[in-house]
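A.B. asks: Read top to bottom, the protein sequences are chains A and B.
The first sequence begins at 1 in the working numbering and counts up by one.
The second sequence begins at 1001 in the working numbering and counts up by one.
All C-beta atoms in this analysis are idealised placements derived from N, C-alpha and C, irrespective of residue type, glycine included.
My questions all concern the structure below.
Protein chains: 2
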Amino acid sequence: MLVPADEVAQTALRALSAVAPPEHARDQADHLIEAELRGISSHGILRLPRILRRISNKVADPGATGDHVWRSEGFLAVDGQKGLGPVVALRAIDALEQRVKQTGIAVAAINNSNHIGMLGYYAERAARRGHSMIILSTSEALVHPWGGRRAMIGTNPIAIGLPIGREEIFMMDTATGVVSMGEIHDRANRGEPIPIGWAVDKEGNPTTDASAAKSGAIAPFGGAKGYALGLAFELLVTSLAGAAVGRRVVGTLDDDRICNKGDLIILIDGPSTDLRAYLEALRSEEPADGFAEVIIPGERGREARAQRLRDGIEVPDQLWREICGFDGVATGGLKK
Amino acid sequence: MLVPADEVAQTALRALSAVAPPEHARDQADHLIEAELRGISSHGILRLPRILRRISNKVADPGATGDHVWRSEGFLAVDGQKGLGPVVALRAIDALEQRVKQTGIAVAAINNSNHIGMLGYYAERAARRGHSMIILSTSEALVHPWGGRRAMIGTNPIAIGLPIGREEIFMMDTATGVVSMGEIHDRANRGEPIPIGWAVDKEGNPTTDASAAKSGAIAPFGGAKGYALGLAFELLVTSLAGAAVGRRVVGTLDDDRICNKGDLIILIDGPSTDLRAYLEALRSEEPADGFAEVIIPGERGREARAQRLRDGIEVPDQLWREICGFDGVATGGLKK
């Protein structure tokens, strides 16, 4: 059903407010709604029931903000204390923002925090505040190494944001798998096949059967190159954050295990260079056959956001009923 | 012809020593030889005649080391002063290494420097010294935007290196084009076709004709995702370094224009986490059909290095004769 964006936001906020401090509920709800608005529904309110169950199961602590230790002037080690992902990430970013005035660059390495969601949210926010951000996160092993058969590497997304002049920003956000597991589940639910090259089945053989792919592994994007990048992110994030690696990662796709992936956030002060003319030139390029236009990453998401703010958000009926039913009682009397 | 690695190194060093201070000649020669040893001949001694011509044409200053300004505690702005790429980059990295003891993370943004060559050289060196490095560089526009027809974006490579325990390191190095322009030139020289999807011709149409691709554009690797990454690197590097962007970039593929691309080097102190067991598990994975093994990025390069150190480096006859002929006289009496 199509629900006004404001109603989705209020409903998510109400459900979270029953179990989390007001500011934390707002940070988490805002993040889920922003993902919905940009059409990234896999990181949207679909995640809300799981978040509430994780709180109920005490593997997520809605009151935690993360313990900050500056290991050196520009390196912030964050123990997320099982906090909600956006709550812990935003507090870490606040600390980095203060620090980069002095150091020009600073990094937060976060472990023991829950799913931080759509990375582009943080990268775009940083860009709007005049900073460049490179943000990485690991996940459960869902991607197979190039030339391998089994999931051994996280989907390990990266987002990069920076100001490009006046009020404009650039932001890109992509995982290092060729497709998301959410998309494979969607295809399976609809009984549709997947293209060859997206995934392997549980024996490690290429498959077009979306259901078989669910218990298999996603291919790295761009073959050996995407594999190398995804693996580099896995190693960099897990080692700097002191997080779990590879198949040991749990907690973003289940209800009852403490989340042990890592997040790495690099913040750089500036730049103030005006690159709008270059992006405008890109937009004006003659499109290739089969393309309507040359698209700047992030812009479709911003267009989708404007459209959904106006027209509403499409929410599966069952999910909407579930979310509307959440309150202190439905989630096990967690109201504090 | 097959030339002993040591002879290639000595010959390159002799040619460079005729025109550059001894330490700078060694930095540049070492870098070219390391690329040869790892099989990245596009960044090897093939580049030497151009470097010497650029020195002769005064668009490269072999005596320059770069002017360093710490804009803040962790942000080093480097004016390369037309110096040789490896000379300027290594001096910047030396400064970062000193600084990260205090700040944990530091970044150098370099402009006005010549081609810094194979990025993996720096990333692996940093890893061996106990640091993590993310290094990016821009180039002449050779890659078309996803859905576009013309080269608008550099090949914008990235290398990431980090220590993974004991003496072991991880290093990956990849450009964001699906293939290098060097490979396309090689195919054209041999009269061989290229796979569809590698490049477009000068009208922007997909081509299998390597010669036609030379005047066209390379595709981004991994489609829209690789395009987004390559563009993000273009924007991040050029804006932080104050370098030229897109089609305005010159100086790594010609003999007579001042090089105006940018380089960005992020250095992080540590980690000391031991991830060798994870990489060993990856290596031990059962390979997919058509693959002999699961390969860890960077390892084939290190194997190639050992083999070439033992057996010699394959150098095209004409290039070898040209390089052997270089001395102070042949390059215009530039000896200082």
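So, at 7 Å on beta carbons, what are the nonlocal neighbours of A:Val294 in its own chain, with the 5 sequence-adjacent residues on each side left out?
C.D. replies: Leu282, Arg283, Glu285, Pro287
A.B. asks: Is the stretch 1242 to 1262 of chain B touching the stretch 1132 to 1151 of chain B in the sense that three or more CB pairs, one from each, lie closer than 8 Å?
C.D. replies: yes
A.B. asks: Over the uninterrupted alpha helix (DSSP H) stretch that includes A:Thr138, give me the two end residues.
C.D. replies: Membership of A:Thr138 in any alpha helix (DSSP H) is not indicated, and neither H nor E is assigned to it by DSSP.
A.B. asks: How would you write the range of the beta strand (DSSP E) that B:His1068 sits in, first residue to last?
C.D. replies: 1067 to 1072
A.B. asks: For the stretch 259 to 297 of chain A, list the alpha helix (DSSP H) runs that are entirely contained and at least 4 residues long, ordered along the chain.
C.D. replies: 276 to 283
A.B. asks: Please go through the stretch 136 to 222 of chain A and give each complete alpha helix (DSSP H) segment of 4 or more residues, from N-terminal end onward.
C.D. replies: 181 to 190, 210 to 214
A.B. asks: How is B:Asp1061 classed by DSSP in three states: helix, strand or coil?
C.D. replies: In the structure shown, B:Asp1061 sits in a strand (DSSP, three-state: E or B).
A.B. asks: Rounded to whole angstroms, what is the Cα-Cα separation between B:Asp1030 and B:Ala1306?
C.D. replies: 15 Å
A.B. asks: Going by C-alpha to C-alpha distance, which of B:Gly1290, B:Arg1026, B:Ala1159 sits closest to B:Tyr1122?
C.D. replies: B:Ala1159
A.B. asks: What would DSSP say about B:Asp1254, mapped onto helix, strand or coil?
C.D. replies: coil
A.B. asks: Would you mind telling me which residues of chain A sit closer than 9 Å to B:Ile1266, beta carbon to beta carbon, in chain order?
C.D. replies: Ile105, Val107, Ile134, Ile266, Ile268
A.B. asks: Is there a C-beta anywhere in chain A that falls below 8 Å from the one on B:Ser1239?
C.D. replies: Yes, B:Ser1239 lies at the interface with chain A (some Cβ there is under 8 Å from its Cβ).
A.B. asks: Within 10 angstroms of its Cβ, does A:Leu2 collect 16 or more other Cβ (buried), or is it exposed?
C.D. replies: exposed
A.B. asks: Pull out every residue of the stretch 212 to 240 of chain A whose Cβ sits closer than 9 Å to any Cβ of chain B, in chain order.
C.D. replies: Pro220, Phe221, Gly222, Gly223, Ala224, Lys225, Gly226, Tyr227, Ala228, Leu229, Leu231, Ala232, Phe233, Glu234, Leu235, Leu236, Thr238, Ser239, Leu240
A.B. asks: Grouping DSSP H, G and I as helix and E and B as strand, with all else coil, what is B:Ala1092?
C.D. replies: helix
A.B. asks: Assign B:His1115 to one of three DSSP states: helix, strand, or coil.
C.D. replies: coil
A.B. asks: What is the residue span of the beta strand (DSSP E) that A:Val78 lies within?
C.D. replies: Secondary structure note for A:Val78: its beta strand (DSSP E) is the uninterrupted segment 75 to 83.
A.B. asks: Please determine if the stretch 1074 to 1090 of chain B and the stretch 1110 to 1129 of chain B are in contact, where contact requires at least 3 C-beta pairs separated by less than 8 Å.
C.D. replies: yes
A.B. asks: Using the beta-carbon count (16 or more within 10 Å), is B:Ile1169 buried or exposed?
C.D. replies: buried
A.B. asks: Just to confirm my understanding: we take B:Met1172, look at its own chain, exclude 5 residues before and 5 after, and list those with CB closer than 7 Å. What are they?
C.D. replies: Ala1159, Ile1160, Pro1297, Gly1298, listed in sequence order.
A.B. asks: Can you pull the chain B neighbours of A:Met172, defined as C-beta to C-beta under 8 Å?
C.D. replies: Ala1228, Leu1229, Leu1231, Ala1232
A.B. asks: Within the 8 Å Cβ cut-off, does B:Arg1071 reach chain A?
C.D. replies: yes
A.B. asks: From B:Ile1045 to A:Gly216, what distance separates their C-alpha atoms?
C.D. replies: 45 Å
A.B. asks: What residues from chain A crowd round B:Pro1049, counting only those whose CB sits closer than 7 Å?
C.D. replies: Here the premise fails: no neighbours, minimum Cβ distance about 29 Å.
A.B. asks: In whole angstroms, give me the CA-to-CA distance for B:Ala1005 and B:Arg1308.
C.D. replies: One C-alpha to the other measures close to 7 Å.
A.B. asks: Who pairs with B:Val1003 in a beta bridge, going by DSSP?
C.D. replies: B:Ile1313
A.B. asks: For A:Phe326 and chain B, any beta-carbon pair shorter than 8 Å?
C.D. replies: no
A.B. asks: With C-beta atoms as the reference, is A:Gly74 less than 8 Å away from A:Ile93?
C.D. replies: no
A.B. asks: For B:Gln1102, return the contacting residues in chain A, with the cut-off set at a CB-CB distance below 7 Å.
C.D. replies: Ser72, Glu73
A.B. asks: I'd like the list of long-range same chain contacts for B:Tyr1227, defined as Cβ closer than 7 Å, with 5 residues on each side in sequence excluded.
C.D. replies: Pro1145, Trp1146, Pro1220
A.B. asks: According to a CB-to-CB cut-off of less than 9 Å, which residues of the stretch 1281 to 1296 of chain B neighbour chain A?
C.D. replies: Ala1281, Leu1282, Glu1285, Glu1286, Pro1287, Ala1288, Asp1289, Gly1290, Phe1291, Ala1292, Glu1293, Val1294, Ile1295, Ile1296
A.B. asks: Please report whether the beta-carbon of B:Thr1208 lies at a distance below 8 Å from any beta-carbon of chain A.
C.D. replies: Cβ-Cβ to chain A under 8 Å: no for B:Thr1208.
A.B. asks: In angstroms with no decimal places, state the Cα-to-Cα distance between A:Ile313 and A:Ile33.
C.D. replies: Between A:Ile313 and A:Ile33, the C-alpha separation is close to 9 Å.
A.B. asks: Roughly how many angstroms separate the alpha carbons of B:Arg1047 and A:Ser239, rounded to a whole number?
C.D. replies: Between the alpha carbons of B:Arg1047 and A:Ser239 lies a distance of about 36 Å.
A.B. asks: From the DSSP output, in three-state form, read off A:Ala108 for me.
C.D. replies: strand
A.B. asks: Comparing alpha-carbon positions, which option in A:Leu267, A:Ile55, A:Arg187 lies nearest A:Ala127?
C.D. replies: A:Leu267
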